[in-house]
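Notes follow the structure.
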Amino acid sequence: MSRGKPNKRYTPEFKKLVVETMMEERLSYCETARRFEVRSATQVRNWERIYLEKGTEGFAIERRERGSSGRPRKLPKEGGEDLLAEVLRLRAENEYLKTCKPWFWKTSDASTKNAGSSETKEEITTIFHENKGRYGYRRITTVLRSREFLVNHKTYEDVGADLPRPNEEIPFLQGKYG
Numbered sequence: 079m080s081r082g083k084p085n086k087r088y089t090p091e092f093k094k095l096v097v098e099t100m101m102e103e104r105l106s107y108c109e110t111a112r113r114f115e116v117r118s119a120t121q122v123r124n125w126e127r128i129y130l131e132k133g134t135e136g137f138a139i140e141r142r143e144r145g146s147s148g149r150p151r152k153l154p155k156e157g158g159e160d161l162l163a164e165v166l167r168l169r170a171e172n173e174y175l176k177t178c179k180p181w182f183w184k185t186s187d188a189s190t191k192n193a194g195s196s197e198t199k200e201e202i203t204t205i206f207h208e209n210k211g212r213y214g215y216r217r218i219t220t221v222l223r224s225r226e227f228l229v230n231h232k233t234y235e236d237v238g239a240d241l242p243r244p245n246e247e248i249p250f251l252q253g254k255y256g
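Each position in the sequence shown, counted from 1, maps to that position plus 78 in this note's numbering.
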């Protein structure tokens with residue numbers, strides 16, 4: 079059974095001839111496709127539908143549509159420029175907000191709630207000297223919390239910056255056995 083040439087394009091006159099012959103001789107789609115060596119009976123059926131709906135002028139209209147490849151179409155350049163301008167504006171705004179964030183925390187009361195209070199500073203200094211400089215920031219923070227001060231390790235970093243750091247060698251272990 080001959081199927082014709084693949085991807086063969088038929089002229090509007092040929093399509094008209096096929097459909098009119100099929101109607102006059104009352105042939106089936108398969109018989110018509112075999113007789114005129116058309117690729118498939120479905121194609122003949124589609125030609126008949128077009129002929130009945132739009133007449134012979136319907137064959138002259140190009141209906142070949144390509145399916146989407148899955149890739150979205152590019153935006154027109156006018157819309158793209160607007161989007162690009164908005165992206166640039168938002169990036170600039172983001173950079174500005176990043177520069178404002180440290181300034182906000184530095185100047186706001188949230189970061190210096192207890193850090194600036196003289197009571198906290200005095201208490202840190204007292205704890206530090208009571209223990210002969212052996213306590214680091216973690217232990218001092220723990221002791222402050224046990225004394226009901228609301229602080230964290232950053233408070234010691236802010237307030238206790240002028241205090242000397244504990245020696246790396248622990249003084250009480252030095253000597254005869256250390």
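All C-beta atoms in this analysis are idealised placements derived from N, C-alpha and C, irrespective of residue type, glycine included.
Please tell me whether residue i and residue j are closer than 8 angstroms, where the distance is taken between their beta carbons.
i      : j      : result
Met100 : Val116 : no
Ile202 : Leu175 : no
Thr219 : Asn209 : no
Thr233 : Thr185 : no
Phe137 : Lys94  : yes
Val96  : Trp125 : yes
For the alpha helix (DSSP H) holding residue i, just list the boundary residues, first then last.
i      : result
Asn124 : Ala119 to Lys132
Arg113 : Tyr107 to Phe114
Phe206 : Ser196 to Glu208
Arg216 : Tyr215 to Ser224
Leu228 : First-last for Leu228: undefined, no H or E at that position.
Phe92  : Pro90 to Glu103
Check each candidate in the options and name the one with the smallest Cα separation from residue i.
i      : options                           : result
Glu98  : Lys86, Arg127 and Thr120          : Arg127
Glu118 : Ser224, Gly136, Tyr88 and Asn172  : Here the sequence assigns Ser to residue 118, which means Glu is not the residue at that position. Residue Tyr88 is the option with its Cα nearest to Ser118.
Tyr215 : Ile139, Asp236, Glu109 and Pro150 : Asp236
CB-CB under 8 angstroms to residue i, same chain, minus the five flanking residues each way: which ones, in chain order?
i      : result
Pro62  : Residue 62 is absent from the structure shown; the chain starts at 79 and stops at 256.
Leu105 : Thr99 and Arg113
In chain order, what residues of the same chain have a beta carbon less than 7 angstroms from the beta carbon of residue i, not counting five sequence neighbours either side?
i      : result
Thr120 : none
Take residue i and list the residues in its own chain whose beta-carbon comes closer than 6 angstroms to its own, dropping the five residues that flank it on each side.
i      : result
Leu130 : none
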